[in-house]
Amino acid sequence: MKKLIVMLLTLLPTMVMAAGGNVHLDAANNDLSDKASLQRGAKTFMNYCFGCHATQYQRYERVATDLDIPLDIMRENMIFDRDAKIGDLMVNAIPTEYAANSFGAPAPDLTLVSRVRGTDWIYTYLRSFYADPSRPFGVNNVVFPSVGMPHVLEELQGVPSKVYETRLVDGEEVQEYVGIKSDGTGELNTEEYDEVVRDLVNFLEYAGEPMKLERQNLGLWVMGFIVIFFVLTLLLKKEYWRDVH
(Lines of atoms letter the chains of each structure in order from A; the text may use other names.)
(Lines give C-alpha, C1' and ligand atoms only; values in the text may rest on other atoms or scores of the structure.)
Protein backbone atom coordinates (compact mmCIF):
# COMPACT_ATOMS: atom_id res chain seq x y z
CA MET A 1 0.00 0.00 0.00
CA LYS A 2 2.81 2.38 0.88
CA LYS A 3 4.50 1.71 -2.46
CA LEU A 4 1.22 2.42 -4.29
CA ILE A 5 0.82 5.77 -2.53
CA VAL A 6 4.41 6.77 -3.36
CA MET A 7 3.85 5.84 -7.02
CA LEU A 8 0.65 7.89 -7.23
CA LEU A 9 2.32 10.91 -5.65
CA THR A 10 5.16 10.59 -8.16
CA LEU A 11 2.82 10.44 -11.15
CA LEU A 12 0.41 13.12 -9.96
CA PRO A 13 2.34 16.19 -11.24
CA THR A 14 2.69 14.58 -14.67
CA MET A 15 -1.00 13.68 -14.79
CA VAL A 16 -2.02 17.21 -13.81
CA MET A 17 0.19 18.87 -16.41
CA ALA A 18 -0.94 16.50 -19.13
CA ALA A 19 -4.61 17.03 -18.34
CA GLY A 20 -4.50 20.80 -17.80
CA GLY A 21 -6.20 23.15 -20.25
CA ASN A 22 -8.64 22.61 -23.12
CA VAL A 23 -6.52 24.10 -25.90
CA HIS A 24 -6.26 22.05 -29.08
CA LEU A 25 -2.70 20.82 -29.54
CA ASP A 26 -1.18 20.80 -33.02
CA ALA A 27 0.78 17.72 -34.05
CA ALA A 28 4.53 18.29 -33.97
CA ASN A 29 5.20 15.49 -36.49
CA ASN A 30 8.92 15.58 -35.74
CA ASP A 31 11.33 12.86 -36.83
CA LEU A 32 14.12 11.63 -34.56
CA SER A 33 15.85 9.97 -37.50
CA ASP A 34 16.31 13.33 -39.25
CA LYS A 35 19.84 14.31 -38.15
CA ALA A 36 19.72 17.63 -40.04
CA SER A 37 16.57 18.61 -38.14
CA LEU A 38 18.16 17.62 -34.82
CA GLN A 39 21.27 19.68 -35.62
CA ARG A 40 19.15 22.73 -36.46
CA GLY A 41 17.12 22.20 -33.30
CA ALA A 42 20.27 21.99 -31.19
CA LYS A 43 21.51 25.24 -32.76
CA THR A 44 18.21 27.00 -32.00
CA PHE A 45 18.16 25.68 -28.44
CA MET A 46 21.71 26.82 -27.69
CA ASN A 47 21.16 30.27 -29.20
CA TYR A 48 17.70 31.08 -27.85
CA CYS A 49 16.94 28.80 -24.89
CA PHE A 50 20.18 27.79 -23.20
CA GLY A 51 20.74 31.21 -21.67
CA CYS A 52 18.07 30.36 -19.09
CA HIS A 53 17.19 26.70 -19.54
CA ALA A 54 19.74 23.95 -19.05
CA THR A 55 19.69 20.33 -20.18
CA GLN A 56 21.84 19.27 -17.28
CA TYR A 57 21.43 15.54 -17.84
CA GLN A 58 23.13 15.74 -21.24
CA ARG A 59 26.80 16.13 -22.11
CA TYR A 60 28.10 18.26 -24.97
CA GLU A 61 30.19 15.40 -26.31
CA ARG A 62 27.30 12.91 -26.31
CA VAL A 63 25.06 15.37 -28.18
CA ALA A 64 27.76 16.06 -30.74
CA THR A 65 28.38 12.35 -31.29
CA ASP A 66 24.70 11.43 -31.54
CA LEU A 67 23.88 14.27 -33.94
CA ASP A 68 27.00 13.87 -36.11
CA ILE A 69 28.36 17.29 -35.12
CA PRO A 70 32.18 17.46 -35.28
CA LEU A 71 33.61 18.06 -31.82
CA ASP A 72 35.57 21.14 -32.91
CA ILE A 73 32.42 22.74 -34.34
CA MET A 74 30.51 21.87 -31.16
CA ARG A 75 33.28 23.37 -29.03
CA GLU A 76 33.60 26.58 -31.04
CA ASN A 77 29.94 27.30 -31.84
CA MET A 78 27.75 25.68 -29.19
CA ILE A 79 29.71 25.88 -25.94
CA PHE A 80 29.46 29.48 -24.78
CA ASP A 81 31.14 28.94 -21.42
CA ARG A 82 34.84 28.95 -22.30
CA ASP A 83 35.65 27.22 -19.02
CA ALA A 84 33.43 24.27 -19.95
CA LYS A 85 34.94 21.14 -21.43
CA ILE A 86 33.48 19.06 -24.24
CA GLY A 87 32.69 16.26 -21.78
CA ASP A 88 30.87 18.48 -19.28
CA LEU A 89 27.16 18.43 -18.53
CA MET A 90 25.11 21.08 -20.33
CA VAL A 91 24.51 23.40 -17.38
CA ASN A 92 23.87 27.07 -18.11
CA ALA A 93 25.50 29.94 -16.27
CA ILE A 94 22.47 31.86 -14.99
CA PRO A 95 22.36 31.87 -11.15
CA THR A 96 19.21 30.32 -9.69
CA GLU A 97 18.52 33.33 -7.46
CA TYR A 98 18.90 35.77 -10.36
CA ALA A 99 16.54 33.70 -12.52
CA ALA A 100 13.98 33.54 -9.72
CA ASN A 101 14.11 37.33 -9.24
CA SER A 102 13.87 37.99 -12.99
CA PHE A 103 11.14 35.53 -13.96
CA GLY A 104 9.37 34.83 -10.68
CA ALA A 105 10.80 31.30 -10.52
CA PRO A 106 14.00 29.58 -11.64
CA ALA A 107 13.90 28.52 -15.27
CA PRO A 108 13.21 24.76 -15.33
CA ASP A 109 15.66 22.26 -16.76
CA LEU A 110 14.40 21.05 -20.15
CA THR A 111 16.11 17.68 -20.46
CA LEU A 112 12.90 15.77 -19.75
CA VAL A 113 10.30 18.37 -20.73
CA SER A 114 9.18 16.41 -23.81
CA ARG A 115 8.47 13.35 -21.67
CA VAL A 116 6.51 15.37 -19.11
CA ARG A 117 4.59 17.72 -21.40
CA GLY A 118 4.63 15.86 -24.72
CA THR A 119 6.00 17.09 -28.05
CA ASP A 120 2.62 18.35 -29.30
CA TRP A 121 2.26 20.52 -26.18
CA ILE A 122 5.71 22.09 -26.65
CA TYR A 123 5.15 22.63 -30.38
CA THR A 124 1.80 24.35 -29.79
CA TYR A 125 3.10 26.33 -26.80
CA LEU A 126 6.00 27.86 -28.76
CA ARG A 127 3.56 28.94 -31.48
CA SER A 128 0.95 30.35 -29.09
CA PHE A 129 2.58 33.48 -27.67
CA TYR A 130 0.69 36.72 -28.26
CA ALA A 131 1.21 40.39 -27.39
CA ASP A 132 -0.24 41.32 -23.99
CA PRO A 133 0.89 44.68 -22.56
CA SER A 134 -0.48 43.75 -19.13
CA ARG A 135 2.16 41.05 -18.68
CA PRO A 136 5.69 41.81 -17.33
CA PHE A 137 7.37 40.77 -20.60
CA GLY A 138 4.59 42.08 -22.84
CA VAL A 139 3.43 38.62 -23.94
CA ASN A 140 1.07 35.91 -22.82
CA ASN A 141 0.41 32.38 -24.04
CA VAL A 142 -2.77 30.58 -25.05
CA VAL A 143 -1.50 27.18 -23.91
CA PHE A 144 0.12 28.46 -20.69
CA PRO A 145 -1.86 31.53 -19.49
CA SER A 146 0.05 34.09 -17.40
CA VAL A 147 3.34 32.58 -18.45
CA GLY A 148 6.40 34.14 -16.82
CA MET A 149 8.65 33.59 -19.82
CA PRO A 150 9.43 36.16 -22.54
CA HIS A 151 8.84 35.23 -26.17
CA VAL A 152 12.49 34.52 -26.95
CA LEU A 153 11.76 33.59 -30.58
CA GLU A 154 9.95 36.86 -31.33
CA GLU A 155 12.71 38.14 -33.60
CA LEU A 156 12.10 35.08 -35.77
CA GLN A 157 8.31 35.08 -35.66
CA GLY A 158 7.57 38.80 -35.34
CA VAL A 159 5.00 40.27 -32.95
CA PRO A 160 2.17 37.73 -32.64
CA SER A 161 -1.47 38.57 -31.93
CA LYS A 162 -4.61 36.59 -31.29
CA VAL A 163 -6.96 36.18 -34.25
CA TYR A 164 -10.73 36.05 -33.73
CA GLU A 165 -13.63 35.26 -36.04
CA THR A 166 -17.21 36.43 -35.59
CA ARG A 167 -19.71 33.55 -35.52
CA LEU A 168 -23.41 33.31 -34.86
CA VAL A 169 -24.33 31.30 -31.79
CA ASP A 170 -28.05 31.11 -30.99
CA GLY A 171 -28.61 34.19 -33.11
CA GLU A 172 -25.92 36.24 -31.37
CA GLU A 173 -22.52 37.26 -32.73
CA VAL A 174 -19.68 35.75 -30.72
CA GLN A 175 -15.96 36.40 -31.05
CA GLU A 176 -14.20 33.03 -31.25
CA TYR A 177 -10.44 32.56 -30.99
CA VAL A 178 -9.06 30.81 -34.09
CA GLY A 179 -5.29 31.17 -33.85
CA ILE A 180 -2.17 33.34 -33.78
CA LYS A 181 -0.97 35.67 -36.53
CA SER A 182 2.34 37.51 -36.77
CA ASP A 183 2.62 41.12 -37.84
CA GLY A 184 5.27 40.13 -40.40
CA THR A 185 8.20 41.90 -38.74
CA GLY A 186 10.04 38.66 -37.97
CA GLU A 187 12.92 37.18 -39.90
CA LEU A 188 10.81 34.19 -40.97
CA ASN A 189 7.41 33.64 -42.51
CA THR A 190 4.83 31.43 -40.81
CA GLU A 191 5.91 28.19 -42.50
CA GLU A 192 9.59 28.83 -41.82
CA TYR A 193 8.92 29.66 -38.18
CA ASP A 194 6.86 26.51 -37.71
CA GLU A 195 9.75 24.50 -39.14
CA VAL A 196 12.22 26.09 -36.71
CA VAL A 197 9.92 25.23 -33.81
CA ARG A 198 9.51 21.68 -35.09
CA ASP A 199 13.30 21.26 -35.23
CA LEU A 200 13.59 22.60 -31.68
CA VAL A 201 10.91 20.19 -30.44
CA ASN A 202 12.70 17.39 -32.27
CA PHE A 203 15.88 18.18 -30.34
CA LEU A 204 14.02 18.33 -27.03
CA GLU A 205 12.45 14.94 -27.69
CA TYR A 206 15.92 13.54 -28.42
CA ALA A 207 17.21 15.13 -25.18
CA GLY A 208 14.50 13.38 -23.18
CA GLU A 209 15.48 9.94 -24.46
CA PRO A 210 18.62 9.78 -26.63
CA MET A 211 18.28 5.99 -26.95
CA LYS A 212 14.66 6.05 -28.16
CA LEU A 213 15.30 4.92 -31.74
CA GLU A 214 17.76 2.27 -30.61
CA ARG A 215 15.28 1.08 -27.99
CA GLN A 216 12.51 0.82 -30.58
CA ASN A 217 14.74 -1.10 -33.00
CA LEU A 218 15.88 -3.42 -30.23
CA GLY A 219 12.25 -3.95 -29.25
CA LEU A 220 11.46 -5.25 -32.73
CA TRP A 221 14.29 -7.78 -32.48
CA VAL A 222 13.08 -8.86 -29.04
CA MET A 223 9.52 -9.32 -30.29
CA GLY A 224 10.82 -11.32 -33.24
CA PHE A 225 12.83 -13.54 -30.90
CA ILE A 226 9.78 -14.11 -28.69
CA VAL A 227 7.69 -15.14 -31.69
CA ILE A 228 10.34 -17.58 -32.94
CA PHE A 229 10.89 -18.95 -29.43
CA PHE A 230 7.13 -19.43 -29.00
CA VAL A 231 6.89 -21.39 -32.26
CA LEU A 232 9.83 -23.60 -31.28
CA THR A 233 8.36 -24.14 -27.81
CA LEU A 234 5.00 -25.09 -29.31
CA LEU A 235 6.64 -27.60 -31.69
CA LEU A 236 8.71 -29.03 -28.84
CA LYS A 237 5.60 -29.41 -26.69
CA LYS A 238 3.85 -31.31 -29.46
CA GLU A 239 6.87 -33.60 -29.89
CA TYR A 240 7.07 -34.41 -26.16
CA TRP A 241 3.33 -35.00 -25.75
CA ARG A 242 2.80 -36.91 -28.98
CA ASP A 243 2.76 -40.34 -27.30
CA VAL A 244 0.64 -39.15 -24.37
CA HIS A 245 -2.17 -37.90 -26.59
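Using UniProt numbering, you'd call the opening residue of the sequence shown number 1 and step up by one each time.
Quick reminder that beta carbons are idealized off the backbone N, C-alpha and C, glycines included.
Terminal residues of the beta strand (DSSP E) in which residue 249 lies: The requested residue 249 is not part of the displayed model; the chain covers only 1 to 245.
Rounded straight-line distance, which links the Cα of G51 to that of I94: Spanning the two alpha carbons is a distance of roughly 7 Å.
Those runs of the alpha helix (DSSP H) which lie wholly inside the stretch 130-161 and span at least 4 residues: 154-157
Sub-9 Å separation of L71 and A42 beta-carbons: In this structure, A42 does not lie closer than 9 Å to L71 by Cβ.
Of the residues G171, V23, M74, W121, the one placed nearest V201, counting alpha carbons only: Checking every option, the nearest Cα to that of V201 belongs to W121.
DSSP three-state assignment for L235, whether helix, strand or coil: helix
Stretch-stretch touch, CB-based, cutoff 8 Å, three pairs: the stretch 196-211 with the stretch 131-149: no
Unbroken beta strand (DSSP E) run spanning T55, endpoints: 55-59
Cβ shell of A64 (< 6 Å), same chain only, five flanking positions each side left out: L71, M74
For M90, three-class secondary structure by DSSP: strand
Alpha carbon of D81 to alpha carbon of T96, nearest angstrom: 17 Å
In DSSP terms, what V175 is bridged to: It should be pointed out that residue 175 corresponds to Gln in this sequence rather than to Val. Beta-bridge partners of Q175 (DSSP): T166.
Assigned exposure category for V113 - 16 Cβ within 10 Å defines buried: So V113 counts as buried.
Own chain residues within Cβ distance below 8 Å of T14, not counting five before or after: Because the pLDDT of T14 is 41, which lies under 50, any placement of that residue in the model is unreliable, and the question is left without a value.
Whole-angstrom distance between F230 and D88, CA atom to CA atom: 46 Å
Nearest neighbour of P160, chosen from M149, N22, N140, E172 [CA to CA]: When only C-alpha atoms are compared, the closest one is N140.
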